[in-house]
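Student: The structure under discussion is supplied below as structure tokens; questions concerning it will follow.
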Amino acid sequence: SVVAFSKDGPRHVGDVAKRQAVQNPENTLFATKRLIGRRFDDQVTQKDLKHLPYKVVKANNGDAWVEARGNTYSPSQVGAFVLTKMKETAEAYLGSTCKEAVVTVPAYFNDSQRQATKDAGKIANLEVKRIINEPTAAALAFGMDKNDGKVIAVYDLGGGTFDISILEISGGVFEVKATNGDTALGGEDIDLKLQDFLTREFKNSSGIDIMSDKGALQ
Numbered sequence: 021s022v023v024a025f026s027k028d029g030p031r032h033v034g035d036v037a038k039r040q041a042v043q044n045p046e047n048t049l050f051a052t053k054r055l056i057g058r059r060f061d062d063q064v065t066q067k068d069l070k071h072l073p074y075k076v077v078k079a080n081n082g083d084a085w086v087e088a089r090g091n092t093y094s095p096s097q098v099g100a101f102v103l104t105k106m107k108e109t110a111e112a113y114l115g116s117t118c119k120e121a122v123v124t125v126p127a128y129f130n131d132s133q134r135q136a137t138k139d140a141g142k143i144a145n146l147e148v149k150r151i152i153n154e155p156t157a158a159a160l161a162f163g164m165d166k167n168d169g170k171v172i173a174v175y176d177l178g179g180g181t182f183d184i185s186i187l188e189i190s191g192g193v194f195e196v197k198a199t200n201g202d203t204a205l206g207g208e209d210i211d212l213k214l215q216d217f218l219t220r221e222f223k224n225s226s227g228i229d230i231m232s233d234k235g236a237l238q
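Be aware that the sequence shown starts at 21, since it is given in the working numbering, and climbs by one per residue.
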């Protein structure tokens, strides 16, 4: 999920935002889900901000917020921009107004992270009927609710997180027996490792260090 703020134009979300990231890295926000419900001084936050082209700032309450075009936004607000775009897309397809939504989150999200996700829905003018865990949603999508009496393992390696859940199915109801995960293991982390390797190789072969060139790193 990518949100970008152009100099004079409108706010962009999705593929349009992603395509202009090279020319506008400092105002293109991505991976903000990893910041949602987190404190600025959190160890994970401090690790992430070293690799992000945009600014992560400390809000008055100590939370981690982001800055673009001189304005600050909470991760919930950025999430709301994405949800608003999804709402508009759904309404255009269905030909009717969408007022309610079920939102998925990583299984190990804590209460503050889940509340921040609900806040994002509220900002997007959506009534969040329920927050459900992503592994449970995946199991439902694959029709696993028909496997009554079974215990299944569902893992989710996403863009910024990794989690696994053990689910027991009984009467079409999923009961989470165990869950674990890592907020710093996902596609973004793999990309960063590759980026570090390639920039070192480029520096060794050319003598040019591009680590400070945010546009090149996109």
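From the three backbone atoms N, C-alpha and C, an ideal C-beta is built for every residue, glycine too.
1) Please classify Val98 as buried or exposed, where buried requires at least 16 other C-beta atoms within 10 Å of its C-beta.
2) Report the partner residues of Phe217 according to the DSSP bridge assignment.
3) Anyone know if the C-beta pair for Val123 and Val86 falls short of 9 Å?
4) Quick check: what's the CA-CA separation for Lys119 versus Asn145?
5) Whose C-alpha, out of Pro155, Arg150, Phe217 and Phe194, is nearest the C-alpha of Gly169?
6) Let me check understanding here. Comparing Cα to Cα, which of Leu212, Asp229, Gly192 and Gly29 lies closest to Ala51?
7) Excluding the 5 residues preceding and the 5 following Ala37 in the sequence, name in chain order all residues of the same chain whose CB lies nearer than 7 Å to its CB.
8) Where Ala204 and Thr137 are concerned, what is the direct C-alpha to C-alpha distance, given to the nearest angstrom?
9) With a threshold of 8 Å, are at least 3 pairs of Cβ atoms found where one atom belongs to the stretch 54-62 and the other to the stretch 75-95?
10) Between the stretch 149-169 and the stretch 181-188, are three or more C-beta pairs nearer than 8 Å?
11) Considering only the alpha carbon of each residue, which of Ile230, Lys27 and Arg39 lies closest to Thr219?
12) Exposed or buried, what is Val102 when buried is set at 16 or more other beta-carbons lying within 10 Å of its beta-carbon?
13) Let me know if Phe129 comes out buried or exposed under the rule of 16 or more other beta-carbons within 10 Å of its beta-carbon.
14) Count the other CB atoms, across all protein chains shown, that sit within 10 Å of the CB of Leu55; report buried if there are 16 or more and exposed otherwise.
15) By DSSP's criteria, His32 is part of a beta bridge. Which residues make up the other side?
16) For Tyr74, count the other beta carbons within 10 Å of its own beta carbon; 16 or more makes it buried, fewer makes it exposed. Which is it?
17) Here's the rule: buried if 16 or more other CB atoms are within 10 angstroms of the residue's CB, otherwise exposed. What is Val76?
18) Assign Thr48 to one of three DSSP states: helix, strand, or coil.
Tutor: Taking the definition as stated:
1) buried
2) Its beta-bridge partners do not exist; DSSP assigns none.
3) no
4) 7 Å
5) Phe194
6) Leu212
7) Val22, Val23, Ala24 and Thr48
8) 19 Å
9) yes
10) yes
11) Ile230
12) buried
13) buried
14) buried
15) Ala24
16) buried
17) buried
18) strand
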